[in-house]
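Enquirer: Quick one: structure below, then a few questions.
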Amino acid sequence: MIRLIGVLIIIVGFALGLDAIGIVMGAGLVTGLVGGMSINDILTTLGGTFVASRYIALFLITLPVIAVLERNGLKQSAANFIAKIKNATPGKVIISYGFVRIILAAFNVSVGGVAGFVRPIVYPMATGSIENEGHKLDEKDADEIKGLASSSENVTWFFGQVLFIAGAGILLVKSTLEPLGYSIDPLQAVKAEIPVAISALVLSSLYTYFKDRKMMKKYTKVSKK
Numbered sequence: 001m002i003r004l005i006g007v008l009i010i011i012v013g014f015a016l017g018l019d020a021i022g023i024v025m026g027a028g029l030v031t032g033l034v035g036g037m038s039i040n041d042i043l044t045t046l047g048g049t050f051v052a053s054r055y056i057a058l059f060l061i062t063l064p065v066i067a068v069l070e071r072n073g074l075k076q077s078a079a080n081f082i083a084k085i086k087n088a089t090p091g092k093v094i095i096s097y098g099f100v101r102i103i104l105a106a107f108n109v110s111v112g113g114v115a116g117f118v119r120p121i122v123y124p125m126a127t128g129s130i131e132n133e134g135h136k137l138d139e140k141d142a143d144e145i146k147g148l149a150s151s152s153e154n155v156t157w158f159f160g161q162v163l164f165i166a167g168a169g170i171l172l173v174k175s176t177l178e179p180l181g182y183s184i185d186p187l188q189a190v191k192a193e194i195p196v197a198i199s200a201l202v203l204s205s206l207y208t209y210f211k212d213r214k215m216m217k218k219y220t221k222v223s224k225k
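According to full-length UniProt numbering, the residues represented by the sequence shown are 1 to 225, in order.
This is the structure we're talking about:
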């Protein structure tokens with residue numbers, strides 16, 4: 001039970017509003033010592049884990065790049081582009097992106113995710129479809145559009161990447177089940193995933209469609225007035 005003291009340290013630390021990095025490092029150090037590890041072993045484990053997960057730091061690099069692009073008109077360009085398409089709505093933009101995204105995911109093509117593509121490109125296009133008609137977008141609706149666009153990215157990438165025969169998802173399933181005595185054929189696994197991915201895309205699109213209809217009724221009424 002005492003080995004769970006690290007969890008207690010994190011809870012108390014965050015409750016007191018202490019430095020997050022210091023809390024986590026302290027909890028890890030205490031947990032390691034209680035578990036019988038030496039200082040050298042603890043530092044080796046922490047260092048090895050950081051090196052193995054260093055690709056996560058790439059996310060931090062994208063933030064200033066996106067900020068610079070937005071400052072120089074990326075968001076406005078995306079909104080202007082969607083303004084040229086008649087009868088565009090946030091839902092239509094997001095659903096269209098979802099269909100394209102799952103196809104790209106099936107070939108293991110990453111476009112930057114929520115931070116690198118959805119936030120600076122898809123979201124402005126979705127909101128621009130309303131604002132370019134002269135409507136003022138409610139803050140609640142803006143948050144709704146953010147959520148729909150982000151969920152479309154997450155759903156299509158999650159289920160689409162498993163359609164790539166050499167993707168991390170298939171390899172993870174194979175490496176996990178084979179030691180348990182289950183023989184996994186990657187090609188058969190991909191075939192089994194196809195209807196799952198299609199179902200996920202359809203359900204996600206339907207949810208976005210009905211949310212979009214409900215949202216657009218408000219702005220359609222404003223236009224008639």
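The beta carbon of each residue, even a glycine, is placed where N, CA and C say it ideally should be. Please read these numbers as outputs of a predicted model, since none were measured by experiment.
What are the complete alpha helix (DSSP H) segments, minimum 4 residues, inside the region 10-45?
Expert: 20-34
Enquirer: Which whole runs of the alpha helix (DSSP H) in the region 163-194 are 4 residues long or more, in chain order?
Expert: Within the region 163-194, the runs of alpha helix (DSSP H) that reach at least 4 residues and sit entirely inside it are, in chain order, 168-177.
Enquirer: Go ahead and pull the three-state DSSP assignment for residue 154.
Expert: Along the sequence shown, one-based indexing puts residue 154 at 154. Residue state, collapsed to three classes: helix.
Enquirer: Sorted by chain position, which residues of the same chain lie with C-beta nearer than 7 Å to residue 108's C-beta, five sequence neighbours on each side aside?
Expert: Position 108 of the sequence shown holds residue 108. Counting only Cβ-Cβ distances below 7 Å, and skipping sequence neighbours, we find 161, 164, 167.
Enquirer: Identify which residue in 124, 113, 104, 114 has its Cα closest to the Cα of residue 249.
Expert: Residue 249 is absent from the model: the chain starts at 1 and stops at 225.
Enquirer: With a threshold of 6 Å on Cβ separation, who are the neighbours of residue 141 within its own chain once the five nearest residues in sequence on each side are excluded?
Expert: Here the question's residue 141 lines up with position 141 in the sequence shown. Excluding positions up to five away in sequence, the list reads 215.
Enquirer: In chain order, what residues of the same chain have a beta carbon less than 7 Å from the beta carbon of residue 205, not counting five sequence neighbours either side?
Expert: In the sequence shown, residue 205 corresponds to position 205, counting from 1. Answer for residue 205: 95, 98, listed in chain order.
Enquirer: Indicate the three-state DSSP secondary structure (helix, strand or coil) for residue 197 in the structure shown.
Expert: For the purposes of this step, residue 197 is taken as residue 197 along the sequence shown, with counting starting at 1. Helix, per DSSP.
Enquirer: Buried or exposed for residue 6, going by 16 or more other Cβ atoms inside 10 Å?
Expert: Counted from its first residue, the sequence shown places residue 6 at position 6. The residue in question, residue 6, is buried, as its Cβ has 16 or more Cβ neighbours within 10 Å.
Enquirer: Residue 145 and residue 126 look like a contact to me (Cβ under 8 Å); what is the Cβ gap, rounded to whole Å?
Expert: Position 145 of the sequence shown, counting from 1, holds the residue named residue 145. Position 126 of the sequence shown, counting from 1, holds the residue named residue 126. Indeed, because the Cβ distance is near 5 Å, the residues count as touching under 8 Å.
Enquirer: By the 10 Å Cβ neighbour count, where 16 or more other Cβ atoms means buried, how is residue 201 classified, buried or exposed?
Expert: The count along the sequence shown starts at 1 and reaches residue 201 at position 201. Buried is the call here.
Enquirer: Of the choices 135, 100, 181, 147, whose alpha-carbon is the least far from that of residue 115?
Expert: Within the sequence shown, the letter at position 115 stands for residue 115. Per the Cα distances, 147.
Enquirer: Please report how far the alpha carbon of residue 110 lies from the alpha carbon of residue 194, in whole angstroms.
Expert: Along the sequence shown, one-based indexing puts residue 110 at 110. Along the sequence shown, one-based indexing puts residue 194 at 194. If you take the alpha carbons of residue 110 and residue 194, they lie about 19 Å apart.
Enquirer: Measuring alpha carbon to alpha carbon, tell me which residue in 86, 220, 198 is nearest residue 156.
Expert: Translated into positions along the sequence shown, residue 156 becomes position 156. Looking at the Cα atoms, 198 is the closest of the given residues.
Enquirer: Indicate whether residue 23 and residue 9 have their beta-carbon atoms separated by less than 8 Å.
Expert: For the purposes of this step, residue 23 is identified with residue 23 of the sequence shown, where counting begins at 1. For the purposes of this step, residue 9 is identified with residue 9 of the sequence shown, where counting begins at 1. Result yes, Cβ atoms of residue 23 and residue 9 sit closer than 8 Å.
Enquirer: Does DSSP put residue 7 in a helix, a strand or coil?
Expert: Start at 1 with the first residue of the sequence shown, and residue 7 comes out as number 7. If DSSP states are grouped into helix, strand and coil, residue 7 belongs with the helices.
Enquirer: May I ask you to report which of helix, strand or coil DSSP gives residue 148?
Expert: In the sequence shown, residue 148 corresponds to position 148, counting from 1. Residue state, collapsed to three classes: helix.
Enquirer: Between residue 121 and residue 128, what straight-line distance do the alpha-carbon atoms span, to the nearest angstrom?
Expert: Position 121 of the sequence shown, counted from the start, is the residue given in the question as residue 121. Position 128 of the sequence shown, counted from the start, is the residue given in the question as residue 128. One C-alpha to the other measures close to 11 Å.
Enquirer: Is the beta carbon of residue 211 closer than 8 Å to that of residue 91?
Expert: In the sequence shown, residue 91 corresponds to position 91, counting from 1. In the sequence shown, residue 211 corresponds to position 211, counting from 1. In this structure, residue 211 lies closer than 8 Å to residue 91 by Cβ.
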